[in-house]
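Chains as they are written, first to last, in the numbering used here: chain C, 52 to 375; chain X, 18 to 462.
The following block contains the structure:
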């Protein structure tokens, strides 16, 4: 494994500026591809820059935290929801993708999946140490995929070997990117099935859902903001942020998840806005679950969000308490 | 010189005494947009209260405490019950408080006040509830509300302008109350549709409950049962929703309105679901001594109550299934079974709520796995269930239903005891939003 060079940033970069730079970088990469006879240099697994970004003493503002909690239906306490930590630290990871030596265009990146492992609750008074890097560039049947890894520790956490309080892995697809050797599995995995059981919730998402999540997450990708701006990128209407849907599922499971848990999501078909998402959350049987008087102590929860009218799954995932 | 020490009228440490239901009064329940459309919660609660005062000669009387509530409440009605007392003929020295437990508000008011009477804290009390679906509060949006609050806090003209400049056109859209559960986004009807599917309740069984409810309520009105329980208001003398002439075929012709997107057949219609309603009810409670001192009758006693809640958020149990857990606990505490009950009043939020509750009690697996029993809890004798009709026919102004049930049940018990010369016992069960349930036992002795 190559050693990463650590670059200390003074502060979390603004996502707006990053998208601007990402647009320029994407245009540059597109131009290089168009001019090159082979249609751009094929990728290999070592193409990602061996760089890690770090930010120290990051703190959440109360107003920002409260706005996020109110939007997602999380209790507005001093604990940082796992999805909020993602929002706080995500610009650091995005900054890696607009570097001039990053081999893939930021524009058009598709969020395939996300995984968060929360080992302990971070609080709004904590000073945070954020580290971010990219890794695992690998073939995908329609391009290349890679992982953005973010680790968040409480500043001054003494044991360097201990797992980070929060670790997030976001898997992205860059469509059309080519690998030196075509190792990608050509076959498309089967689409996730619509659950048979009865729904547990129905989300009626108004047309401004993307704009409202953009306001708390800073992710103002035009595909989320309006039908007009989404159409420019090939979507019939604006689409919901994937992390908005995953974080709402996390909020629906609520305090049952415990302080330490893993939270995964795989995104399938996008949620068009305005729209209705049907959700089903199924507890997994776990040791120690008393049948008569307790709904707690299960082995975690599997969730699926789908469009009941079209019979199409939007996302699947699970939330598993660490002690399950 | 030390002040003379008075003997306490209720010595501490004495056993509790009994809380009596003396009577009740309500206004007929109206449909949303009906004859009460211009009446506020305060208007209707005052009307019901004044009818009670007139019925029992309580003019100028200082009642120990009045407790009532509304589910859909304007913010200006923060002291709704006290305002109703001040507007009524009761002594202005009658204290009051508001409470709210969704559809269980009225029954919980009876339970709480009865407990105070049993403890000797009160000698007399009035429980009540009111709701108006016609005059429901419509709030301004969060954005407009925040801008207006910032405006009112701003000192300078510039800050005030800045606050108003923050208002967006979308903020001007009003925010109306909904019956959707905050955590699931599902309306109460859609929740019950899930429970209906879970327990496999048929359309026919639901329509049968609805038909019986109308027939029985109409018969009770015709027999004069409600003559001393209901006071006409705004030209209405009977519950507006009551259709004495409805039939199985009319009910069967209605289109399903809930559960239409489920994989199971949709069975819940406007006929076998309660309508949005306006109305108010009150119940007069007291110690036996107080009743005797005022030459008032005792219809029945509030013996005990049990509350429960279910984890409906992730669908383990249906939203309205909490009474399925409360009732077995309540009966067990008194060593009773269904056979020991002369009457059961199970609030008909939907016909299928009654049926899913009965189905759970008849289910072996539910009894063993969820109630911790050896088998099924038991089967209810339908001839003792909602004998004078219930919410499907009468309508259901949320907080007013508890008072309707308690007054009706107390009179049924008193009548039964007068006929047979033996004590009679009844169970009241009310489900409520939030996965709540409140149940109580009333008896004559």
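Glycine included, C-beta positions come from ideal geometry on N, C-alpha and C.
Asked, Found
"Pair within 8 Å by beta-carbon distance, residue 296 of chain C and residue 328 of chain C", "yes"
"Nearest-angstrom beta carbon gap, residue 444 of chain X and residue 425 of chain X [assumed within contact, 8 Å]", "That pair is no contact at about 13 Å."
"Cα-Cα separation, residue 255 of chain C to residue 330 of chain C", "11 Å"
"Minimum C-alpha distance to residue 72 of chain X - residue among X:309, X:42 and X:361", "X:42"
"Burial state of residue 270 of chain C (16 or more Cβ within 10 Å)", "buried"
"DSSP state of residue 56 of chain C mapped onto helix, strand, coil", "strand"
"Any C-beta of chain X under 8 Å from that of residue 251 of chain C", "yes"
"Chain-ordered chain C contacts of residue 278 of chain X [CB-CB under 7 Å]", "359"
"Residues of its chain near residue 194 of chain X, where Cβ-Cβ distance is below 7 Å and the 5 sequence neighbours each way are ignored", "89, 153 and 154"
"CB contact below 8 Å: residue 255 of chain C versus chain X", "yes"
"Continuous beta strand (DSSP E) stretch holding residue 445 of chain X: start and end", "442-449"
"Residue 279 of chain C vs residue 265 of chain C beta-carbon contact at 8 Å", "no"
"Where residue 123 of chain C sits in the DSSP three-state scheme", "helix"
"Per DSSP, the bridge partner or partners of residue 378 of chain X", "DSSP, once it has assigned bridges, lists no residue as partnering residue 378 of chain X."
"Residue ranges of each alpha helix (DSSP H) within the stretch 244-301 of chain X, 4 or longer", "265-269"
"Cβ-based burial, residue 428 of chain X [other Cβ within 10 Å; buried from 16]", "buried"
"CA-to-CA distance, residue 185 of chain X to residue 158 of chain X, given in whole angstroms", "11 Å"
"Whole-angstrom distance between residue 325 of chain X and residue 448 of chain X, CA atom to CA atom", "9 Å"
"Residues that residue 172 of chain C bridges to, as DSSP identifies them", "None, per the DSSP bridge assignment."
"Residues from the stretch 212-224 of chain X in contact with chain C, defined by Cβ distance under 8 Å", "214 and 215"
"Residue 267 of chain X versus residue 64 of chain X - alpha carbon distance", "34 Å"
"Three-pair Cβ contact test at 8 Å for the stretch 405-423 of chain X versus the stretch 116-127 of chain X", "yes"
"Selected residue, minimal CA-CA separation from residue 347 of chain X, among X:370, X:332 and X:319", "X:319"
"Spatial distance of residue 95 of chain C from residue 231 of chain C (CA atoms)", "6 Å"
"Chain C contacts from the stretch 298-331 of chain X (Cβ-Cβ distance under 8 Å)", "328, 330 and 331"
"Inter-residue CB distance, residue 157 of chain C and residue 221 of chain C (contact presumed, cutoff 8 Å)", "Incorrect: roughly 13 Å between the Cβ atoms, too far for contact."
"DSSP beta-bridge partners of residue 315 of chain C", "C:166 and C:369"
"Cα-Cα separation, residue 309 of chain X to residue 420 of chain X", "22 Å"
"CA-to-CA distance, residue 124 of chain C to residue 299 of chain C, given in whole angstroms", "7 Å"
"Helix, strand or coil at residue 284 of chain C [DSSP, three-state]", "coil"
"Residue range of the beta strand (DSSP E) that includes residue 84 of chain X", "82-85"
"Short CB-CB distance (under 8 Å) between residue 353 of chain C and chain X", "no"
"Any chain C beta carbon closer than 8 Å to residue 241 of chain X", "no"
"Under 8 Å between C-beta atoms of residue 201 of chain C and residue 143 of chain C", "yes"
"Contact under 8 Å by Cβ, residue 276 of chain X with residue 227 of chain X", "no"
"Whether residue 370 of chain X touches residue 409 of chain X by CB criterion (8 Å)", "no"
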